[in-house]
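Engineer: The structure follows.
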Amino acid sequence: METDIDLLIEKVSQLNDLNNLMLKNINSGYFRLSREIKSIKEAVVYLGMKTVQNLLIIHIIQQLFSGGEEKRNRMFDMKMYWKHVLGTAVASCLVSEKLKKGDKYKLFSYGLLHDIGITILDICLPDYMDKVIEKIFKGLHQVAAERIVLGGITHADVGAWICRKWNIREDIINIIEFHHTPLYAQSDNEYIKMLYVGDVISNNYYQRLLGLNPNYEMDKQIAISLGLTDEDIREMVEEFPAALEQAWIIIGYCNKL
Numbered sequence: 001m002e003t004d005i006d007l008l009i010e011k012v013s014q015l016n017d018l019n020n021l022m023l024k025n026i027n028s029g030y031f032r033l034s035r036e037i038k039s040i041k042e043a044v045v046y047l048g049m050k051t052v053q054n055l056l057i058i059h060i061i062q063q064l065f066s067g068g069e070e071k072r073n074r075m076f077d078m079k080m081y082w083k084h085v086l087g088t089a090v091a092s093c094l095v096s097e098k099l100k101k102g103d104k105y106k107l108f109s110y111g112l113l114h115d116i117g118i119t120i121l122d123i124c125l126p127d128y129m130d131k132v133i134e135k136i137f138k139g140l141h142q143v144a145a146e147r148i149v150l151g152g153i154t155h156a157d158v159g160a161w162i163c164r165k166w167n168i169r170e171d172i173i174n175i176i177e178f179h180h181t182p183l184y185a186q187s188d189n190e191y192i193k194m195l196y197v198g199d200v201i202s203n204n205y206y207q208r209l210l211g212l213n214p215n216y217e218m219d220k221q222i223a224i225s226l227g228l229t230d231e232d233i234r235e236m237v238e239e240f241p242a243a244l245e246q247a248w249i250i251i252g253y254c255n256k257l
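First residue of the sequence shown? That's 1 in the UniProt record's numbering, and the numbers climb one at a time after it.
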């Protein structure tokens with residue numbers, strides 16, 4: 001939580017794979033930087049310490065939890081999950097641009113981190129994740145399905161728990177724990193609300209692709225508190241597929257899948 005910048009730069013620079021992966025993604029073109037970033041130190045200067053930390057965390061998690069149990073005919077699709085994660089990051093940036101507020105780079109990195117709990121559950125409890133997906137296909141909201149299958153807890157609870165175990169920053173924990181229930185958050189409220197809107201846009205988009213009736217109805221109280229109108233939301237929903245496709249091409253995210 002209290003990372004020394006020079007120590008962080010030193011440690012990352014010693015790990016060639018992680019260092020090169022970070023620089024490749026930062027220079028991919030999605031962040032639209034005015035110059036090529038050649039070191040983690042430059043990345044901190046351009047994107048900010050928190051954004052770089054967030055990006056490092058998601059890359060490390062991908063390496064620690066590179067894939068769930070290999071089983072035939074699984075209901076849970078890890079590739080579709082990572083697409084939704086990127087979708088939430090992209091949609092959250094659209095929200096930031098629409099409102100002209102917040103650090104969109106940091107918000108993008110929050111989007112990549114928000115569903116850590118899903119990754120943990122898929123590694124540790126793959127059969128339970130399949131049961132959750134089965135209930136979603138029957139029309140249940142994801143959170144309701146998880147509470148039924150997991151005895152009252154959700155992926156947000158699991159993600160927040162593991163982040164506390166890892167001593168990760170409190171703002172990240174808040175994003176992960178409250179991205180479905182932003183009105184319960186005690187801090188980082190505006191970022192959580194913007195991520196919530198992005199998450200709803202991304203979830204509904206992917207549910208339509210799967211032939212499901214989208215069951216993520218956006219909380220109007222949250223939209224109004226941000227200053228978003230129905231027209232704003234409609235415009236972002238229309239812009240989202242093209243923005244997501246552009247990000248997917250530029251970043252090449254999850255190409256290992």
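Glycine included, each C-beta is placed from N, C-alpha and C at the ideal position.
1. At what residues does the alpha helix (DSSP H) containing E190 begin and finish?
2. In whole angstroms, give me the CA-to-CA distance for I192 and H114.
3. Exposed or buried, L183, counting other C-beta atoms within 10 Å across all chains shown (16 or more means buried)?
4. Any heavy atom of the ligand GDP within a distance shorter than 7 Å of the CB on L113?
5. Where residue 263 and H84 are concerned, what is the direct C-alpha to C-alpha distance, given to the nearest angstrom?
6. Looking at V200 and Y216, is the spacing between their C-beta atoms short of 8 Å?
7. To the nearest angstrom, how far is it from the Cα of D171 to the Cα of L140?
8. Enumerate in chain order the residues of its own chain whose CB-to-CB distance from F76 is below 8 Å, with the five nearest sequence positions on each side excluded.
9. Report yes or no: do the region 40-51 and the region 102-114 share at least 3 C-beta pairs separated by less than 8 Å?
10. Does the distance from the CB of L94 to the CB of M236 come in under 8 Å?
11. In this structure, does DSSP put N16 in helix, strand or coil?
12. Give the DSSP-derived three-state secondary structure of K131 in the structure shown.
13. Helix, strand or coil: which one does DSSP assign to W161?
14. Anyone know if the C-beta pair for N19 and S28 falls short of 8 Å?
15. On the three-state DSSP scale, how would you describe F76?
16. Please identify the residue among V45, N16, E146 and D188 whose C-alpha is closest to the C-alpha of D6.
17. Could you check which residue in S34, A223 and I168 has the C-alpha nearest to that of T181?
18. Express the C-alpha separation of R164 and L8 in angstroms, rounding to a whole number.
19. Going by DSSP, what residue range makes up the alpha helix (DSSP H) through N174?
20. Kindly indicate which residue of Y205, H179, A145 and G87 has the alpha-carbon position closest to the one of D219.
21. Need the endpoints of the alpha helix (DSSP H) that I37 sits in, please.
22. Under the assumption that I120 contacts I58 (Cβ atoms under 8 Å), give the Cβ distance between them as a whole number of angstroms.
23. For the alpha helix (DSSP H) that contains K104, what are its first and last residues?
24. I need the straight-line Cα distance from A247 to R147, nearest angstrom please.
25. Within 10 angstroms of its Cβ, does residue 260 collect 16 or more other Cβ (buried), or is it exposed?
26. Which of the three DSSP states, helix, strand or coil, is assigned to I5?
27. In angstroms with no decimal places, state the Cα-to-Cα distance between A43 and D17.
Structural biologist: By the coordinates alone:
1. As a working note, residue 190 is residue 190 in the sequence shown. Its alpha helix (DSSP H) spans residues N189 to L209.
2. Locating residue 192 in the sequence shown gives position 192, where the first residue counts as 1. Locating residue 114 in the sequence shown gives position 114, where the first residue counts as 1. Distance between the alpha carbons of I192 and H114: 10 Å.
3. Reading the sequence shown from its first residue, position 183 is the one you call residue 183. Looking at its Cβ environment, which holds fewer than 16 other Cβ atoms inside 10 Å, L183 is exposed.
4. As far as ligands go, the structure on display features none, and thus does not contain the ligand GDP.
5. The structure shown has nothing for residue 263, since the chain only spans 1 to 257.
6. On the sequence shown, residue 216 is found 216 positions in, with the first residue counted as 1. On the sequence shown, residue 200 is found 200 positions in, with the first residue counted as 1. Against a cut-off of 8 Å, the Cβ pair of V200 and Y216 comes out as a contact.
7. Here residue 171 is taken as the residue at index 171 of the sequence shown, counted from 1. Here residue 140 is taken as the residue at index 140 of the sequence shown, counted from 1. C-alpha separation (whole angstroms): 29 Å.
8. Residue mapping note: residue 76 aligns to position 76 of the sequence shown, counting from 1. Closer than 8 Å at the Cβ level, and outside the excluded window around F76, lie G68, D122, P126, M129, D130, V132 and I133.
9. yes
10. By one-based count along the sequence shown, residue 94 stands at place 94. By one-based count along the sequence shown, residue 236 stands at place 236. Their beta carbons are under 8 Å apart, which means L94 touches M236 by this criterion.
11. By one-based count along the sequence shown, residue 16 stands at place 16. DSSP places N16 in helix when its eight states are reduced to three.
12. As a first step, residue 131 must be located in the sequence shown, where it is residue number 131. K131: helix per DSSP, three-state reduction.
13. Here the question's residue 161 lines up with position 161 in the sequence shown. It is helical.
14. Reading the sequence shown from its first residue, position 19 is the one you call residue 19. Reading the sequence shown from its first residue, position 28 is the one you call residue 28. Contact flag unset, no.
15. In the sequence shown, the residue the question calls residue 76 occupies position 76. Here F76 sits in coil by DSSP.
16. Counting from one through the sequence shown, the residue named residue 6 turns up at place 6. Per the Cα distances, V45.
17. Mapped onto the sequence shown, residue 181 falls at position 181. Answer by Cα proximity: A223.
18. The residue you call residue 8 lines up with position 8 of the sequence shown. The residue you call residue 164 lines up with position 164 of the sequence shown. Taking the straight line joining both Cα atoms gives about 20 Å.
19. As a position in the sequence shown, residue 174 is number 174, starting the count at 1. Where N174 is concerned, the enclosing alpha helix (DSSP H) stretches over E170 to F178.
20. As a first step, residue 219 is located in the sequence shown; it is residue number 219 there, counting from the start. Taking only the C-alpha atoms, the option nearest D219 is H179.
21. Position 37 of the sequence shown, counted from the first residue, corresponds to residue 37. Here I37 belongs to no alpha helix (DSSP H), and DSSP marks it neither H nor E.
22. The sequence position of residue 120 within the sequence shown is 120, counting from 1. The sequence position of residue 58 within the sequence shown is 58, counting from 1. The Cβ separation is near 13 Å, so there is no contact.
23. Within the sequence shown, the letter at position 104 stands for residue 104. Where K104 is concerned, the enclosing alpha helix (DSSP H) stretches over K104 to L113.
24. Taking the first residue of the sequence shown as 1, we reach residue 247 at position 247. Taking the first residue of the sequence shown as 1, we reach residue 147 at position 147. One C-alpha to the other measures close to 33 Å.
25. Any property of residue 260 remains undetermined from this structure, which presents the chain solely from 1 to 257.
26. Along the sequence shown, one-based indexing puts residue 5 at 5. Looking at I5 - three-state DSSP - the assignment turns out to be helix.
27. Within the sequence shown, numbered from 1, the residue matching residue 43 stands at position 43. Within the sequence shown, numbered from 1, the residue matching residue 17 stands at position 17. Computed Cα separation, rounded: 16 Å.
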